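Q: Protein chains in written order, with the numbering used here: chain A, 171 to 478; chain B, 48 to 305.
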Amino acid sequence: MSENGPMIYARGLVKRFGDLVAVDGIDLDVQRGEAFGFLGPNGAGKSSTMRMIGCVSPISGGTLRILGLDPTADGPAIRGRLGVVPQQDTLDTELTVRENVLIYGRYFGLSRRELRPRIDELLDFVQLTERAGDKVEPLSGGMKRRLTIARSLINDPDLLLLDEPTTGLDPQARHVVWDRLFRLKQRGKTFVVTTHYMDEAEQLCDRLVVMDNGKIVAEGSPSQLIQRYSTREVVEIRFDDERPRNGVFEDLADRVEELPDRVLLYTRDGDATAIAVAERGLPTHSTLVRRSTLEDVFLHLTGRTLVD
Amino acid sequence: MESILQPLRAYEHWLAQYKRVWRGTIGTSLVNPILYLTALGVGLGTLVDRTQNAPGGVPYLEFVAPGLLAAAAMQTAVTESSWPVTAAIKWSRVYHAMIATPLTERDAFVGHQLFVVTRVLTGAAAYLSIIAAFGAVSSWLGLLVVPVAVLIGTAFSMPMAAFAAIIEDERALVTVFRFLVVPMFLFSGTFFPVSQLPLVFELAAYVTPIWHGVELCRMLTLGDVEPAAALGHVVYLLAWTLVGFELARRAYRKRLLG
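(1) Any idea if B/W287 is buried or exposed, counting beta-carbon neighbours within 10 angstroms, 16 or more meaning buried?
(2) For A/D262, count neighbouring C-beta atoms within 10 Å of its own C-beta (all shown protein chains included) and say buried if the count is 16 or more, exposed if not.
(3) Does A/S172 come within less than 9 Å of chain B when only Cβ atoms are used?
(4) Taking B/H280 as part of the alpha helix (DSSP H), name the residues at either end of that continuous run.
(5) Quick one: what does DSSP say A/I289 is sitting in, helix, strand or coil?
(6) Closest Cβ-Cβ distance between B/S129 and chain A: below 9 Å?
(7) Taking Cβ-Cβ distances shorter than 8 Å, what residues in chain B pair up with A/S227?
(8) DSSP has A/T454 in a bridge; who is on the other side?
(9) Roughly how many whole angstroms lie between the Cα atoms of A/S172 and A/A247?
(10) Spatial neighbours of A/D259 within its chain, please: CB distance less than 8 Å, with the 5 preceding and 5 following residues excluded, ordered by chain position.
(11) When you compare the CB of B/P54 with every CB in chain A, is at least one pair closer than 9 Å?
(12) Return the residues of the segment 132-147 of chain B that lie within a Cβ-Cβ distance of less than 9 Å from chain A, sorted by chain order.
(13) Applying the criterion that 16 or more other CB atoms from any shown protein chain within 10 Å of the CB defines a buried residue, is B/W187 buried or exposed?
(14) The beta strand (DSSP E) that contains A/D259, what's its start and end?
(15) Please look up how many angstroms separate the CB atoms of B/E152 and B/L303, rounded, as I've assumed it's under 8 Å.
(16) A/D333: which of A/T437, A/G215, A/T401 sits nearest, CA to CA?
(17) For A/T472, does the count of other Cβ atoms within 10 angstroms reach 16, so buried, or fall short, so exposed?
(18) Can you have a look at A/S462 and say buried or exposed, based on whether 16 or more other CB atoms are within 10 angstroms of its CB?
(19) Express the C-alpha separation of A/F409 and A/P211 in angstroms, rounding to a whole number.
(20) Taking C-alpha atoms, which residue in A/G417, A/M177, A/E284, A/N325 lies nearest to A/V433?
(21) Below 9 Å between beta carbons: does that hold for A/A180 and A/L237?
(22) Have a look at A/Q297 and B/R140 and give me their C-alpha separation to the nearest angstrom.
(23) Assign B/L278 to buried or exposed, taking buried as 16 or more other Cβ atoms, counted over all protein chains shown, within 10 Å of its Cβ.
(24) Across which residues does DSSP place A/T364 in a beta bridge pair?
(25) Please report how far the alpha carbon of A/V426 lies from the alpha carbon of A/D411, in whole angstroms.
(26) Give the interface partners of B/R70 over in chain A, defined as CB-CB distance under 8 Å, in chain order.
(27) Check whether the segment 283-300 of chain B and the segment 152-163 of chain B are in contact - that is, three or more C-beta pairs closer than 8 Å.
(28) Counting along the chain, where does the alpha helix (DSSP H) carrying B/I213 start and finish?
(29) Skipping 5 residues on each side, what residues in its chain have a beta carbon closer than 6 Å to that of B/A173?
(30) Looking at chain B, which residues of the segment 244-260 of chain A have a Cβ within less than 8 Å of any of its Cβ atoms?
(31) Does any residue of chain B bring its CB to less than 9 Å from the CB of A/E204?
(32) Express the C-alpha separation of B/G104 and B/P274 in angstroms, rounding to a whole number.
(33) DSSP state of A/S172, grouped into three classes?
(34) For the alpha helix (DSSP H) containing A/E427, name the first residue and the last one.
(35) Give the range of the alpha helix (DSSP H) segment to which B/K66 is assigned.
(36) Whole angstroms are fine: how far does the CA of A/A192 sit from the CA of A/T242?
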């Protein structure tokens, strides 16, 4: 496969742990320069897929090519061209910020001389220059994530793998991380990100797949997915004590979802639907008109049942 | 070429970490031998020597010193290959960082063991100089206890690393220290000949790698080497090392590549 081939190519990719099938025959093509996302609930098989792509988990079946190479035969060569931001931090908290990046760079066989300016540049990029000499242990979660991102860029990777990069961060910290990732995207870096945050997927991904139970259940750009699996707008209605009987809204929207605390009306024109609801004279507590989001797509596709 | 260099890169991580604490460990590797040799070799030794019945027919200080050195090599090796290994898999997860790069799980393992060997080697060299300062080395062959200490170290650190890598519950490590390491320290010929033990325990002592290590070190510092026996000890320690290496390699693979 030439350099122009897909960065990631998978056909019928399978990962089994004993009897459990974590990844159940997925097909993937990620092209150079793409920001690709795996969206799915916990246990959907996102991380298992990422670990196979990262060449730290042997495949159980199917075909997988990363950068045109076979992970089974060329794991170290592939990993030398990847940048990995794992779900759980793997920083050495006893070492300083700078030492963490330096030692990691040494794993790639880079000399201390060539690492020095790169580390300066990367710490600047993730806004950690002032903490360069500090131990990692007392840093905030957001800083540790940024350090992990800086570390993952030390080998100037062709492909960046980010497994839930902002899980557990507060909103400010998430936005800083997104901002840095967005800049990488603008520089043309190819990256693959897993997330269960819809806003993250919408912000960062050109294209994404929704995984559920080890399978890909939908694929497209965020707007395509919304178009295909949801409507343009959603009207959310909450009621006081008394709730109208089921089915009373069926004729007002393309699709109606009745939840314990509210009713969701999926419609092309939210305002018109809201007016129509008001005209019925039902005892509503509040009515909210909003744009449809990936979250609607996601819940539609993977259901509202709690998985873990 | 790459495959030789890769473990050295993992080794660099442990050196970087060690740089933060080395002063403390240097203190320990010099002070501990002085304390032990003074208390046991000089203090207790004076009493033992008065009985005219000293083990091996040599001053007790000369008898016990190589045993202490061998036991220290064992202690360092099992300590460095226990919690640090479990931590690198489960807590700090530094092995996971390594294998996300061109390094393999085998490089991560070998690099760590190189560090364990470094610690054992420097510890043994320090111990030997102190023993020499106490005047308890009677032969130039005594210099060979440093490589022998390394072999004792690997005979323990390899299987220990395998165990530390594979366990789910780290409390098992405490059990190993309490029920294996401490008895080996006390009853494997370090302080008195194992022939004084009840037969069952005497036989058990022969199975432990530490008895072979102690015997070997003692032959060397006393300058009284029985070639056949020495070779047997070396082979036995080597066997533990090699079997341990293979077990650890499998354990690392199982734990790190899921």
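Just so you know, even glycine gets a beta-carbon here, dropped at the ideal spot from N, CA and C. All values reported here derive from a predicted model rather than from experimental measurement.
A: From the atom records:
(1) By one-based count along the second sequence, residue 287 of chain B stands at place 240. Its Cβ being crowded by 16 or more others within 10 Å, B/W287 is buried.
(2) Within the first sequence, numbered from 1, the residue matching residue 262 of chain A stands at position 92. When all chains shown are included, A/D262 counts as buried.
(3) What you label residue 172 of chain A is simply residue 2 of the first sequence in a count that begins at 1. Here the model assigns A/S172 a pLDDT of 48, short of 50, so the residue's position is not dependable and the matter cannot be decided.
(4) Residue mapping note: residue 280 of chain B aligns to position 233 of the second sequence, counting from 1. DSSP places B/H280 in the uninterrupted alpha helix (DSSP H) bounded by 274-303.
(5) Position 119 of the first sequence, counting from 1, holds the residue named residue 289 of chain A. Three-state result, A/I289: helix.
(6) Residue mapping note: residue 129 of chain B aligns to position 82 of the second sequence, counting from 1. Chain A, which has no Cβ nearer than 9 Å to the Cβ of B/S129, makes this no.
(7) Position 57 of the first sequence holds residue 227 of chain A. Here the neighbours are L304, G305.
(8) Position 284 of the first sequence, counting from 1, holds the residue named residue 454 of chain A. DSSP output for A/T454 lists A/F409 as bridge partner(s).
(9) The residue you call residue 172 of chain A lines up with position 2 of the first sequence. The residue you call residue 247 of chain A lines up with position 77 of the first sequence. In this predicted model, A/S172 has a pLDDT of only 48, less than 50, meaning its place in the structure is not dependable; the value taken from the coordinates is given anyway. Straight-line Cα distance between these residues: approximately 16 Å.
(10) Residue 259 of chain A sits at position 89 when you count from the first residue of the first sequence. Contacts found: K314, R315, T318.
(11) As a first step, residue 54 of chain B is located in the second sequence; it is residue number 7 there, counting from the start. Closer than 9 Å: no.
(12) S139, R140, V141, Y142, H143, A144, M145, I146, A147
(13) Numbered from its first residue, the second sequence carries residue 187 of chain B at position 140. B/W187 is exposed by the Cβ-count criterion.
(14) Taking the first sequence and counting its residues from 1, one reaches residue 259 of chain A at position 89. Careful: A/D259 lies outside any beta strand (DSSP E) and carries neither H nor E.
(15) Locating residue 152 of chain B in the second sequence gives position 105, counting from the first residue. Locating residue 303 of chain B in the second sequence gives position 256, counting from the first residue. That belief holds up - the Cβ atoms of B/E152 and B/L303 are roughly 4 Å apart, short of 8 Å.
(16) Translated into the one-based positions of the first sequence, residue 333 of chain A becomes position 163. Answer by Cα proximity: A/G215.
(17) Looking up residue 472 of chain A in the first sequence gives position 302. Buried, since its Cβ has 16 or more Cβ neighbours within 10 Å.
(18) In the first sequence, residue 462 of chain A corresponds to position 292, counting from 1. A residue is called buried when at least 16 other Cβ atoms come within 10 angstroms of its Cβ; A/S462 meets this threshold and is buried.
(19) As a position in the first sequence, residue 211 of chain A is number 41, starting the count at 1. As a position in the first sequence, residue 409 of chain A is number 239, starting the count at 1. When rounded, the distance between both Cα atoms is 29 Å.
(20) The residue you call residue 433 of chain A lines up with position 263 of the first sequence. Comparing Cα positions, the closest option is A/G417.
(21) Walking along the first sequence from the start, residue 180 of chain A turns up at place 10. Walking along the first sequence from the start, residue 237 of chain A turns up at place 67. Contact: no.
(22) Mapped onto the first sequence, residue 297 of chain A falls at position 127. Mapped onto the second sequence, residue 140 of chain B falls at position 93. If you take the alpha carbons of A/Q297 and B/R140, they lie about 24 Å apart.
(23) As a position in the second sequence, residue 278 of chain B is number 231, starting the count at 1. It is exposed - the Cβ of B/L278 has fewer than 16 other Cβ atoms within 10 Å.
(24) Position 194 of the first sequence, counted from the start, is the residue given in the question as residue 364 of chain A. Paired residue(s): A/F208, A/D333.
(25) Locating residue 426 of chain A in the first sequence gives position 256, where the first residue counts as 1. Locating residue 411 of chain A in the first sequence gives position 241, where the first residue counts as 1. In a straight line, the C-alpha of A/V426 is about 20 Å away from that of A/D411.
(26) Along the second sequence, read from residue 1 onward, the residue named residue 70 of chain B stands at position 23. Per Cβ cutoff of 8 Å: no residues; B/R70 is ~15 Å from chain A at best.
(27) Taking 8 Å as the limit for Cβ pairs, the verdict is that the segment 152-163 of chain B does touch the segment 283-300 of chain B.
(28) Residue numbering aside, residue 213 of chain B sits at position 166 when the second sequence is read from its first letter. 192-213 is the span of the alpha helix (DSSP H), which, as asked, contains B/I213.
(29) In the second sequence, counting from the first residue as 1, residue 173 of chain B sits at position 126. Result list for B/A173: S76, L77, in chain order.
(30) G245, P246, A247, R249, G250, L252, V254, P256, Q258, D259, T260
(31) Numbered from 1 along the first sequence, position 34 holds the residue referred to as residue 204 of chain A. At least 9 Å separates the CB of A/E204 from every CB of chain B.
(32) As a first step, residue 274 of chain B is located in the second sequence; it is residue number 227 there, counting from the start. As a first step, residue 104 of chain B is located in the second sequence; it is residue number 57 there, counting from the start. Each residue's alpha carbon lies about 20 Å from the other.
(33) Sequence index remark: in the first sequence, residue 172 of chain A carries index 2 (1-based). With a pLDDT of only 48 at A/S172, under the threshold of 50, the placement of this residue in the model should not be trusted, and no figure is reported.
(34) In the first sequence, residue 427 of chain A corresponds to position 257, counting from 1. Per DSSP, A/E427 belongs to no alpha helix (DSSP H); it is in the beta strand (DSSP E), 425-428.
(35) Looking up residue 66 of chain B in the second sequence gives position 19. First-last for B/K66: undefined, no H or E at that position.
(36) If you number the first sequence from 1, residue 242 of chain A lands on position 72. If you number the first sequence from 1, residue 192 of chain A lands on position 22. Approximately 19 Å between the Cα atoms of the pair.
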